[in-house]
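Asks: Numbering (mature numbering (1 follows the signal peptide of the UniProt record, and there is no 0)), first residue to last: -17 to -1, 1 to 285. Where is the CB? At the ideal position from N, CA and C, for every residue including glycine. Sharing a structure below in structure tokens format, with a few things to ask.
Printed below as a string of structure tokens:
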């Protein structure tokens, strides 16, 4: 198990560094450090999502008995993927850091105290996403590997497949980063993200309750009253942020497809805006992409 954990600890940061170096050194690209960091972080997230979803499909399709059947890939992939959540907290901060630099803070950010200030600002803005990652490592990992005692691999496999929405989320972030919100690709990707997020994240726990109800031959509405209370609490805590993020995605999608942001008449600049035409102190959008305040919606998650 420690070997698998070590492999994940090397694989995800190593893939990030390799991708960043390639984007900076390939003659046809030669991207800046900031662009390479941001795109590499999205790439690693997408690769992890594909790996997790593939593992989840293999596990779920192999379990005939949803409670008793086991698959070796379940605990193995959990151990391999745990370092990803630790790495991703760092990767999200690096994305945030380089977005700050783009806003014109290069000189100010050089001082150590400004690094601490940036960390605090990052933790405030990304509190929900960072908390999600911390919970995945400190709570979900021991529960999935030790507390389950080898039962319910089918449910674990289905939960792995929640990451099917992540590649479209990451692509959306990249398109927004390069001001491609007007393209057909952005609209198609936004629709795909909306559908996949709803199916694989919002409907995830209702589906698991439904499957257990069929297995135990009890009505769907009786399942929450039948399963242990901590299962209901865990499901509620994991589903709550998904509902919040989905609401932001829906709001962004509504603006994108109705063209509301384009149909609004530009407001006359205020006196303060005239004095500061380019607000260099404006903070970047959240690294997780779930901004409810951007004029061009970032239809995006972790």
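#1: Are residue 135 and residue 42 closer than 8 Å when you measure CB to CB?
#2: Kindly indicate which three-state DSSP category residue 15 falls into: helix, strand or coil?
#3: With respect to the alpha helix (DSSP H) encompassing residue 233, which residues constitute its N-terminal and C-terminal limits?
#4: Report the three-state DSSP secondary structure of residue 57 (helix, strand or coil).
#5: Count Cβ pairs between the region 142 to 159 and the region 173 to 181 that sit closer than 8 Å; are there 3 or more?
#6: Who are the near neighbours of residue 88 in its chain, counting only those whose CB is closer than 6 Å to its CB and skipping five residues on each side?
#7: Cβ of residue 155 within 8 Å of Cβ of residue 142?
#8: Beta-carbon within less than 6 Å of residue 147's beta-carbon, same chain only, minus the 5 sequence neighbours each way: which residues are those?
#9: Would you be able to state if there are at least three C-beta pairs under 8 Å between the region -17 to -6 and the region 62 to 72?
#10: Is residue 99 near the ligand FAD - that is, is its Cβ less than 7 Å away from at least one heavy atom of it?
#11: So, does the region 54 to 63 touch the region 160 to 167, judging by three or more C-beta pairs under 8 Å?
#12: Since I believe residue 190 is in contact with residue 203 (beta carbons under 8 Å), could you give me their beta-carbon distance rounded to a whole number of angstroms?
#13: Can you tell me whether DSSP reads residue 78 as helix, strand or coil?
#14: Taking residue 186 as the reference, give the member of 208, 240, 222 with the closest Cα.
#15: Could you check the C-alpha separation between residue 17 and residue 207 for me, to the nearest Å?
#16: For the pair the region 17 to 32 and the region 73 to 80, tell me if three or more CB-CB distances fall below 8 Å.
#17: Closest by CA to residue 170, which one among 236, 218, 111?
#18: Quick check on residue 56: buried or exposed, where buried means 16 or more other Cβ atoms within 10 Å of its Cβ?
#19: Could you tell me the distance, in whole angstroms, from the CA atom of residue 103 to the CA atom of residue 97?
#20: For residue 46 and residue 137, what's the separation of their Cα atoms in angstroms?
Replies: This is what the structure holds:
#1: Mapped onto the chain shown, residue 135 falls at position 152. Mapped onto the chain shown, residue 42 falls at position 59. Going by C-beta atoms, residue 135 is not nearer than 8 Å to residue 42.
#2: For the purposes of this step, residue 15 is identified with residue 32 of the chain shown, where counting begins at 1. DSSP places residue 15 in coil when its eight states are reduced to three.
#3: If you number the chain shown from 1, residue 233 lands on position 250. 212 to 241 is the extent of the alpha helix (DSSP H) around residue 233.
#4: For the purposes of this step, residue 57 is taken as the residue at position 74 of the chain shown. Residue 57 falls in the helix class under three-state DSSP.
#5: They touch, by the three-pair rule.
#6: The sequence position of residue 88 within the chain shown is 105, counting from 1. The predicted model places residue 88 with a pLDDT of 49, which falls under 50 and marks its position as unreliable; any figure quoted below should be read in that light. Cβ neighbours of residue 88 beyond the five flanking positions: none.
#7: On the chain shown, position 172 is the one that residue 155 refers to. On the chain shown, position 159 is the one that residue 142 refers to. Contact: no.
#8: By one-based count along the chain shown, residue 147 stands at place 164. Cβ within range, chain order: 36, 179, 183.
#9: Short answer: they touch.
#10: As for the ligand FAD, it is missing from this structure, which has no ligand bound.
#11: no
#12: Within the chain shown, numbered from 1, the residue matching residue 203 stands at position 220. Within the chain shown, numbered from 1, the residue matching residue 190 stands at position 207. Wrong, their Cβ atoms sit about 10 Å apart, outside the cutoff.
#13: Numbered from its first residue, the chain shown carries residue 78 at position 95. It is helical.
#14: Indexing the chain shown from 1 puts residue 186 at position 203. Residue 186 has its Cα closest to that of 222, out of 208, 240, 222.
#15: As a position in the chain shown, residue 17 is number 34, starting the count at 1. As a position in the chain shown, residue 207 is number 224, starting the count at 1. Between residue 17 and residue 207, the C-alpha separation is close to 47 Å.
#16: Yes, the region 17 to 32 is in contact with the region 73 to 80.
#17: Position 187 of the chain shown, counted from the start, is the residue given in the question as residue 170. Minimum Cα distance to residue 170 is reached at 236.
#18: Numbered from 1 along the chain shown, position 73 holds the residue referred to as residue 56. Counting other Cβ atoms within 10 Å of its Cβ, residue 56 reaches 16 or more and is therefore classed as buried.
#19: To locate residue 103, count along the chain shown from 1; it is residue 120. To locate residue 97, count along the chain shown from 1; it is residue 114. Whole-angstrom Cα-Cα distance: 10 Å.
#20: Taking the first residue of the chain shown as position 1, residue 46 is located at position 63. Taking the first residue of the chain shown as position 1, residue 137 is located at position 154. C-alpha separation (whole angstroms): 6 Å.
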